[in-house]
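Under our numbering, the first residue of the sequence shown is numbered 717, with each subsequent residue one higher.
C-beta: ideal position from N, C-alpha, C; glycine also.
No experiment lies behind these values; they were computed from the predicted model shown.
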Amino acid sequence: MKYYIEDNCRYLSDSKHFKALPKNCIFDKGKVGAGGTSLALRSSAAYVIAVPFVSLILNKMDQHDNVFGVYAGISNLEIKAYILEATTPIIMTTYDSIDRVITAIDEVSSVKKFKLLIDEYHLLFTQYAFRSDAVRSVLANYTKFKEYCFMTATVLDSEFILDELKHVPIVEAVWPNTSAVRVHSIRVKSNINGAILKLIDAFLTEQAAGNVYIFLNSVATIDAIIKRDKRLTEENCNLIYSQNNRSKLRIPRGQLPSVLDGAVQPKRINMLTSTAFEGSDIYDRTGKIVIVSDGNKTSTLVDISTSFQQIAGRVRNSKYMRDITHIYSKTRYSDVSLEEHKAAIDKEVADSARIVSELNALPDSLKQVLRTEEGVGEYVIKQGNNFIFDSNLVKLDIYNFRITNCLYALRVNTVPGDLEAPQQALHQEYSSKGYTVVERTLGGMTTENIAPTAATSEGSSFKAVVLALSAFYTGEFFNCYSEEEEDLINLSFIRYPFLKNGLELLGKDAEDPIQGGFDKIKSLKYKVSDVKRLITKIELEQKAAMPDVNFQIFKTLSRELAIKPGNFVPAKDVKEKLGFIYKSLGIHMTPKGSDIEKFYHVKVSTASRGGKVVKGFSIMGSKWNSK
717 MKYYIEDNCR YLSDSKHFKA LPKNCIFDKG KVGAGGTSLA LRSSAAYVIA
767 VPFVSLILNK MDQHDNVFGV YAGISNLEIK AYILEATTPI IMTTYDSIDR
817 VITAIDEVSS VKKFKLLIDE YHLLFTQYAF RSDAVRSVLA NYTKFKEYCF
867 MTATVLDSEF ILDELKHVPI VEAVWPNTSA VRVHSIRVKS NINGAILKLI
917 DAFLTEQAAG NVYIFLNSVA TIDAIIKRDK RLTEENCNLI YSQNNRSKLR
967 IPRGQLPSVL DGAVQPKRIN MLTSTAFEGS DIYDRTGKIV IVSDGNKTST
1017 LVDISTSFQQ IAGRVRNSKY MRDITHIYSK TRYSDVSLEE HKAAIDKEVA
1067 DSARIVSELN ALPDSLKQVL RTEEGVGEYV IKQGNNFIFD SNLVKLDIYN
1117 FRITNCLYAL RVNTVPGDLE APQQALHQEY SSKGYTVVER TLGGMTTENI
1167 APTAATSEGS SFKAVVLALS AFYTGEFFNC YSEEEEDLIN LSFIRYPFLK
1217 NGLELLGKDA EDPIQGGFDK IKSLKYKVSD VKRLITKIEL EQKAAMPDVN
1267 FQIFKTLSRE LAIKPGNFVP AKDVKEKLGF IYKSLGIHMT PKGSDIEKFY
1317 HVKVSTASRG GKVVKGFSIM GSKWNSK
């Protein structure tokens, strides 16, 4: 079943269709950050919310006072005391602890009075092999609740849905006009660590603006990076990883790491393992997302259909949300196709039936001491004192092979020197999930593109400059450019000065004014005279439409708050400055934060300030030219 979200809805709760979570279904909420978990947290019904990681519990507890978290150190007695005291109990637990939560509830109440939300449910499948007990506990208990909802923003392909959930209907939220996200795909031939170090250097030396969030599921690699770059300290670097990985980090004194324990306080460099890939909320207006996949470490190979899309939504309010950088290297050569691998699996499955029959025929005394890890069969598990064939392990095998040997693998049939062939599968996967692919290298732009020669005609040189500027502003995500290249960009504005402010004017009605400006120039076929004429026309129209007093307010407000496109401005600051301006100009009006919309194209948004989420406005562009 599909529900179509109305225009101008930011969260599920804004839609008439979702005043509560749908019941007894797999719920595809359509996008990360849709507020699905909040529907349960703010519900008038008692809820148990099951999540994959303790970090997610701590993250939500930091944001919501009504959440009771169940994890190591929380006793059953404390759970029962909370249930008896709370008017509307909201219990958040890991998959692993759902058994004891149910037990505690039934001792003082009834689990039938509680609704169940299984959040990030796709991880029940992707973590099935190493968290099988926890997953099977969820699958064995979810029907005991009043109602249940398996929720994710990244629903698995049907072939990878757990057998136990095949019968559960899927409910889908369809969002209108979702903004396209660009993936800046950077292939590194071998030295992944070197690429990460270059990236970090760009941010530490302020070649790149903002804060970088490096999603890399390898504690060993993070450890090596920190040892290589002695500039990384507690003051400029966050390390986000699970408690279980603390012992794997051997970082020198003075460079102590942090564990995710609630809200992340943004720093210049932020490195995050898989504990923060799903569900955690990071608020950083200038946060840039970089995903790293090392072909030599399978734990870092991110599936585009699940983890990649989850990571894309982790930094909730960034002005750089439309761009993600993916730095990757290929896995080793493989001459085994997916079809060949499936054929081998079919043989293993056929053997499993025989193995199960033979094992279960053994005396109980022998079965008690025999374990599945002793090579009894790849897809055979032990339940109690009996052995069974587990078809979910077959699905997981195919899923993992697809990632390591298809998406990221160099194929033996690749034509030598053909750089496109090895990347084709990965790029097709980007496109199938709605991403726009921008292939980049760490080297940046060429000087030939940025600075056309004097021999070129005016028309052709203007086009070359515009295309180079477009690549500079919308191409390479973290803008690692040389001083020479920066000089050439400035030279472009000297040569065509009307472009510096004109780009924003041309794209004033677009979601991204700068990109809109480039699009408008393209529509004018790069004709200099037409571009200049349109810029002048827009300037005159704006000045004619704005009374002198409003123009004075606009100029003063812009100066006082240093407003620029892309900035976040708190509503409180706008109201305060406008109050001062109105009083100074003798205007008898009550200032409101929303008054900013008279002067700027804005989006209502939030940002983290001093550990708190504040309301305000993202500046998209000015309605009038301040010059």
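Which of helix, strand or coil DSSP assigns to residue i
i, result
"residue 1143", "helix"
"residue 833", "strand"
"residue 970", "Summary for residue 970: the model assigns pLDDT 37, below 50, so the residue's position carries little reliability; its value from the coordinates is reported in the next sentence. Residue state, collapsed to three classes: coil."
"residue 864", "strand"
"residue 874", "helix"
"residue 1258", "helix"
"residue 1005", "strand"
"residue 1229", "helix"
"residue 1330", "strand"
"residue 1035", "coil"
"residue 912", "helix"
"residue 781", "coil"
"residue 900", "strand"
"residue 1324", "strand"
"residue 993", "coil"
"residue 846", "coil"
"residue 932", "coil"
"residue 1099", "strand"
"residue 838", "coil"
"residue 1042", "strand"
"residue 884", "coil"
Same chain, Cβ closer than 7 Å to residue i, neighbours up to 5 away in sequence not counted
i, result
"residue 981", "1327"
"residue 1293", "1273, 1276 and 1277"
"residue 1019", "1119"
"residue 854", "766, 811, 814, 834 and 840"
"residue 1348", "In the structure as shown, the chain begins at 717 and stops at 1343. Residue 1348 is therefore absent and cannot be evaluated."
"residue 983", "927, 952, 953 and 954"
"residue 818", "827, 857 and 860"
"residue 1308", "1291"
"residue 1001", "1033, 1034, 1035, 1284 and 1323"
"residue 748", "869, 1025, 1026, 1028 and 1029"
8 Å Cβ shell around residue i - same chain, five flanking residues per side excluded
i, result
"residue 944", "909 and 913"
"residue 1250", "1222, 1236 and 1240"
"residue 837", "742, 866, 867 and 868"
"residue 863", "739, 740, 831 and 832"
"residue 1225", "1232 and 1317"
"residue 1102", "1076 and 1083"
"residue 1209", "1215 and 1216"
Residue i at chain D interface by Cβ criterion, 9 Å
i, result
"residue 1146", "Included in the structure is just one protein chain, with no chain D present."
Nearest neighbour of residue i, chosen from the options [CA to CA]
i, options, result
"residue 870", "1077, 809, 954 and 839", "839"
"residue 707", "1219, 1040 and 932", "Here the chain comprises residues numbered 717 to 1343, so residue 707 is not present and cannot be evaluated."
"residue 1125", "1046, 1177 and 1104", "1046"
"residue 1076", "1066, 1098, 1067 and 1061", "1098"
"residue 900", "1044, 873 and 1012", "1044"
"residue 1007", "937, 757 and 930", "930"
"residue 939", "1143, 956 and 924", "956"
"residue 1270", "1290, 1230 and 1315", "1315"
"residue 849", "1100, 921 and 1072", "1100"
"residue 1013", "1244, 933 and 948", "933"
"residue 785", "1072, 1321, 809 and 1055", "809"
"residue 777", "807, 800 and 844", "807"
"residue 1059", "1114, 1146 and 1071", "1114"
Residues sharing a beta bridge with residue i, DSSP
i, result
"residue 889", "719"
"residue 927", "1003"
"residue 809", "766 and 786"
"residue 1318", "1335"
"residue 1047", "1125"
"residue 733", "In DSSP, residue 733 forms no bridge with anything."
"residue 1281", "Paired residue(s): none; residue 1281 is not in a bridge."
Sequence-distant residues of its chain with Cβ nearer than 6 Å to residue i (five each side left out)
i, result
"residue 725", "731"
"residue 1169", "Here residue 1169 scores only 41 on pLDDT, less than 50, and its place in the model should not be relied on; the value that follows carries that caveat. Cβ neighbours of residue 1169 beyond the five flanking positions: none."
"residue 1311", "1294"
Proximity test, residue i beta-carbon vs the ligand ATP heavy atom, cut-off 8 Å
i, result
"residue 1023", "Absence of the ligand ATP from the depicted structure is noted, as is the absence of any ligand whatsoever, leaving it without description."
Whole-number beta carbon distance between residue j and residue i, since they are thought to touch under 8 Å
i, j, result
"residue 1034", "residue 1003", "4 Å"
"residue 1296", "residue 1319", "Going by Cβ atoms, the distance from residue 1296 to residue 1319 rounds to 25 Å, so no, they are not a contact pair."
"residue 734", "residue 755", "7 Å"
"residue 916", "residue 985", "6 Å"
"residue 750", "residue 727", "6 Å"
"residue 991", "residue 902", "About 25 Å separates the two Cβ atoms, so there is no contact after all."
"residue 993", "residue 1054", "Incorrect: roughly 25 Å between the Cβ atoms, too far for contact."
"residue 821", "residue 799", "6 Å"
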